[in-house]
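Working notes, structure below.
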Amino acid sequence: MRIMKPLLYIYILIFTTVWIAGCKTSKNILAQKNVSDDGFVIPSLSEKANLALEKAYFDGLREKYLGTPDKAEDLFRKCLKIYPKHAASYFELAQLFADKGDIVNAEAYIKKAIEYDHTNNWYKLFLARIYDINGRYSESAKIYEELARANPKVIDYYYDWAMALIYDNQLKEAAKVYDLIEQHFGVSEDITMQKQKIHISLNDIDAAIADLEKLIKKYPANGRYYQMLGELYLRKDNEAKALDAFNKALEINPKLAYINLSLYEYYHNKQQENKAAEFFQKAFADPNLSIDAKVQLYLNRYFTLEGIKQNLQQEALETGKTLVKTHPNEAKAHTVFADLLYRLDKNQEAYEEYKKAIQLDNSKAIIWNQLLTIESTLEYWDTLYTDAEKAIELFPNLPVFYLFKGIAAIQLKKYQEAVDVLNAGKDLVFNNNLLLAQFYSSLGDAYHAMGNNELSDKNYEEALKLDPENVYVLNNYSYYLSLRKEKLKQAEEMSLKSNNLQPNTPSFLDTYAWIKFQQGDYETAKEWLEKALNSGGSQSPTIIEHYGDVLYKLGEKEKALEYWNKALELGSKSPTLIDKIEKGIYIESEEE
Numbered sequence: 327m328r329i330m331k332p333l334l335y336i337y338i339l340i341f342t343t344v345w346i347a348g349c350k351t352s353k354n355i356l357a358q359k360n361v362s363d364d365g366f367v368i369p370s371l372s373e374k375a376n377l378a379l380e381k382a383y384f385d386g387l388r389e390k391y392l393g394t395p396d397k398a399e400d401l402f403r404k405c406l407k408i409y410p411k412h413a414a415s416y417f418e419l420a421q422l423f424a425d426k427g428d429i430v431n432a433e434a435y436i437k438k439a440i441e442y443d444h445t446n447n448w449y450k451l452f453l454a455r456i457y458d459i460n461g462r463y464s465e466s467a468k469i470y471e472e473l474a475r476a477n478p479k480v481i482d483y484y485y486d487w488a489m490a491l492i493y494d495n496q497l498k499e500a501a502k503v504y505d506l507i508e509q510h511f512g513v514s515e516d517i518t519m520q521k522q523k524i525h526i527s528l529n530d531i532d533a534a535i536a537d538l539e540k541l542i543k544k545y546p547a548n549g550r551y552y553q554m555l556g557e558l559y560l561r562k563d564n565e566a567k568a569l570d571a572f573n574k575a576l577e578i579n580p581k582l583a584y585i586n587l588s589l590y591e592y593y594h595n596k597q598q599e600n601k602a603a604e605f606f607q608k609a610f611a612d613p614n615l616s617i618d619a620k621v622q623l624y625l626n627r628y629f630t631l632e633g634i635k636q637n638l639q640q641e642a643l644e645t646g647k648t649l650v651k652t653h654p655n656e657a658k659a660h661t662v663f664a665d666l667l668y669r670l671d672k673n674q675e676a677y678e679e680y681k682k683a684i685q686l687d688n689s690k691a692i693i694w695n696q697l698l699t700i701e702s703t704l705e706y707w708d709t710l711y712t713d714a715e716k717a718i719e720l721f722p723n724l725p726v727f728y729l730f731k732g733i734a735a736i737q738l739k740k741y742q743e744a745v746d747v748l749n750a751g752k753d754l755v756f757n758n759n760l761l762l763a764q765f766y767s768s769l770g771d772a773y774h775a776m777g778n779n780e781l782s783d784k785n786y787e788e789a790l791k792l793d794p795e796n797v798y799v800l801n802n803y804s805y806y807l808s809l810r811k812e813k814l815k816q817a818e819e820m821s822l823k824s825n826n827l828q829p830n831t832p833s834f835l836d837t838y839a840w841i842k843f844q845q846g847d848y849e850t851a852k853e854w855l856e857k858a859l860n861s862g863g864s865q866s867p868t869i870i871e872h873y874g875d876v877l878y879k880l881g882e883k884e885k886a887l888e889y890w891n892k893a894l895e896l897g898s899k900s901p902t903l904i905d906k907i908e909k910g911i912y913i914e915s916e917e918e
């Protein structure tokens, strides 16, 4: 829509007009003829008074444009003392008050100016602007209408009249003003499109179609108008005419932005999904269709709160590839494609796309968070460590990046550094108990690795106070207690809770089994280890070794040896495993 002119622009025009008018007059340039209250012309001032008025007025203008408004105000008030009906001085005072933000006095003074010179269009225009500032659009519309009807060749008055009516929500009246503009000045895209928007707002689709047909008649080679016409026919459920219009638009300009999108929506609404997918792909291959529009379309078509629409997963992958190919230098393209890959558990590919997004735009913390999450999932500990450091440099007040660096440092056996960075990040957490619990949990892991059981236990306890159902803490804390053969009853309760919260998790099942092992309940331990093996733990060297240990305790020594060998084949790093195999006996680990 056309933007309202700022008051400063009006001031400049008015000042220019007054100055030029002044230059054209003879010696007595400010001896205006004014209309008195009873309608008679009053006599001119004396020559002396007239000269004093002239001097005060132009001195006031000089002070105004020298940036001394208080002096200017005094001089214009002096003019009014010499001649109380001096319209130009009232106008200048109105401007000075408007500059100070005193709209009430600005309105009062401009009304006095109009009272003493009701033929001056600039004064009326200034009052209309005052009304606009105050949101009194119905009043400003009346002034613009008066100006337009008195000056039918000045198109700006019509524009302002229509805009004031639109702001006053008099849409039908605004459309009539645009009709007047077309009558006086002919059909133009700007005016007709404004009118069409109004008709659409009023849900007068027939009138909106008529507007477009006018434009098509004047500009038959503009495919965009046919496209818009097709959209309107769809709103009237006239699919045949809509398709004709879309095809005509495509014929005129095959590279027309959004035309493939219009055809996609047409076929999608008709549930012709193969055809819809064809035009959707073409839309995404169109570099003229903005990346923002494509991202929104991509999310709407393929994403749900639960994940990716199952029947469109392959199409989503193909469209994502098209998106990053068409917009290789747009971080948004790589990000939305990475989000899709991540939701489809294609973590390696998602990692690569997030990396590209970060290289193009490293200012989005949420993308860094996604990248670090995937690096953690993929166990890229070196990369996680360095990328978390970069994220901390960019976002030093976001604690989550300290957590990622701490986790990576633990995995890289930089335990003291992990403790330091985790404590630093912990102090940044505000009003987020779940995140704070993760810091305490990781501190527990770090202190455990350092052999500081007291601080390890303390941090795990703090984590569970904040997040009593954190299955990770429940499992790790209970497992480490079982290795030390300490607080086994508490360990059993925590482990059982973690298994109830997250059933069929092999490592959790193994923890409970090992607690029962340490309690000497080998039958129960065997039962839980078999659950672990059947729940996906058959490739875990720790679970396999533990199962061998239980079998040995139950007297099944040959079978125990078989499982110990299998654990070795799976890459077990247990310090006692080789001794067990060579000696054929159970040997308690130093950890235990």
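Position one of the sequence shown corresponds to residue 327 (the working numbering), numbered consecutively onward.
Where is the CB? At the ideal position from N, CA and C, for every residue including glycine.
State the Cα-Cα distance for the pair R669 and Q828, rounded to the nearest angstrom.
Looking at the two C-alpha atoms, the distance is approximately 21 Å.
Just list the residues that DSSP pairs S629 with in beta bridges.
In the sequence under discussion, the amino acid at residue 629 is Phe, which differs from the Ser named in the question. Note: F629 sits in a beta bridge opposite I634.
Pop quiz: L589 and F610 are said to be a contact at Cβ under 8 Å. What is the actual Cβ separation, rounded to whole angstroms?
Rounded, the Cβ-Cβ distance is 13 Å, inconsistent with contact.
By Cβ distance below 8 Å, which residues in the same chain neighbour L738 in space, the five residues on each side in sequence not counted?
Annotation for L738: W707, D708 and Y711 place their beta carbon closer than 8 Å to its own, counting only its chain and skipping 5 residues before and after.
Considering only their Cβ atoms, is the gap separating S861 from L835 smaller than 9 Å?
The answer is yes: Cβ separation under 9 Å.
Let me confirm a value: D396 is counted as buried when at least 16 other C-beta atoms fall within 10 Å, else exposed. Which label applies?
By the 10 Å Cβ count, D396 comes out exposed.
Inter-residue spacing [alpha-carbon to alpha-carbon] between I693 and I429
One C-alpha to the other measures close to 48 Å.
Rounded C-alpha distance that separates Y504 from E539
Spanning the two alpha carbons is a distance of roughly 16 Å.
Under DSSP, the alpha helix (DSSP H) around A664 begins and ends at which residues?
Note, A664: alpha helix (DSSP H), A657 to R669.
Range of the contiguous alpha helix (DSSP H) that encloses N723:
Where N723 is concerned, there is no enclosing alpha helix (DSSP H), because DSSP gives it neither an H nor an E.
Alpha carbon to alpha carbon, how far is I733 from A683? Give it in angstroms, no decimals.
One Cα belongs to A683, the other to I733, and the distance between them is close to 24 Å.
Can you give me the start and stop residues for the alpha helix (DSSP H) that D458 sits inside?
For D458, the enclosing alpha helix (DSSP H) stretches over residues N447 to I459.
Rounded C-alpha distance that separates A851 from V621:
Within the model, the alpha-carbon separation for A851 versus V621 is close to 52 Å.
Out of P546, A583 and I535, which has the shortest C-alpha to C-alpha gap to A568?
Here the closest residue by C-alpha is I535.
Same chain, Cβ closer than 7 Å to H594, neighbours up to 5 away in sequence not counted:
The answer, listed in chain order, is A602.
Report buried or exposed for A324, applying the criterion of at least 16 other Cβ atoms within 10 angstroms of its Cβ.
This structure cannot speak to residue 324, because the chain is shown only from 327 to 918.
Between the C-alpha atoms of I869 and L855, what's the straight-line distance to the nearest angstrom?
In this model, I869 and L855 are separated by some 7 Å (Cα to Cα).
Compare the beta carbon distance of Y805 and T831 with 9 Å and say whether it is the shorter of the two.
No; because the gap between Cβ atoms is not below 9 Å, this pair is not in contact.
Measure the C-alpha to C-alpha separation of R810 and S898 and round it to an integer number of angstroms.
Each residue's CA atom was taken as its position, placing R810 and S898 some 20 Å apart.
Spatially closest choice to L649 from K502, L615, T902 and F417, by CA coordinates:
Measuring from the Cα of L649, the nearest candidate turns out to be L615.
Within 10 angstroms of the Cβ of K543, are there 16 or more other Cβ atoms? Answer buried if so, exposed if not.
Sixteen is the threshold: since fewer than 16 other Cβ atoms of the shown chains lie within 10 Å of the Cβ of K543, the residue is exposed.
Where are the alpha helix (DSSP H) runs, 4 residues long or more, that stay fully inside the segment 450-511, in chain order?
Counting only runs of 4+ residues, the alpha helix (DSSP H) found wholly inside the segment 450-511 occupies 463-476, 481-493 and 497-511, in chain order.
For Y624 and A642, what's the separation of their Cα atoms in angstroms?
Straight-line Cα distance between these residues: approximately 8 Å.
Proximity of L769 and L754 at Cβ, strictly below 9 Å:
Their beta carbons are not under 9 Å apart, which means L769 does not touch L754 by this criterion.
Grouping DSSP H, G and I as helix and E and B as strand, with all else coil, what is D570?
Correct three-state label for D570: helix.
Check for me: the alpha helix (DSSP H) holding F765 runs from which residue to which?
N759 to A775 is the extent of the alpha helix (DSSP H) around F765.
Any 3 or more C-beta pairs closer than 8 Å across the segment 457-467 and the segment 440-448:
With a cut-off of 8 Å, the segment 440-448 and the segment 457-467 do not count as touching, because too few Cβ pairs lie within range.
Here's a check: name, in chain order, each residue in its chain whose Cβ is nearer than 6 Å to the Cβ of D687, leaving out the five neighbours to either side.
Here D687 has A657 as same chain residues with Cβ atoms under 6 Å from its own Cβ, once five neighbours each way along the sequence are excluded.
Using a Cβ-Cβ cut-off of 7 Å (strictly less than) and excluding sequence neighbours within five positions of I481, which residues of its own chain qualify?
Same-chain partners within the cutoff: I507 and F511.
Quick check on D537: does DSSP put it in helix, strand or coil?
Correct three-state label for D537: helix.
Work out the CA separation of D783 and K892 for me, nearest whole Å.
If I take the Cα positions, the gap works out to 33 Å.
Helix, strand or coil for F756 per DSSP?
Coil.
Would a C-beta distance cut-off of 9 Å place P867 and L822 closer than the cut-off?
No.
For N495 and D793, what's the separation of their Cα atoms in angstroms?
N495 and D793: Cα-Cα distance of roughly 54 Å.
Just the Cα atoms here: how many angstroms apart are R403 and D458?
Whole-angstrom Cα-Cα distance: 27 Å.
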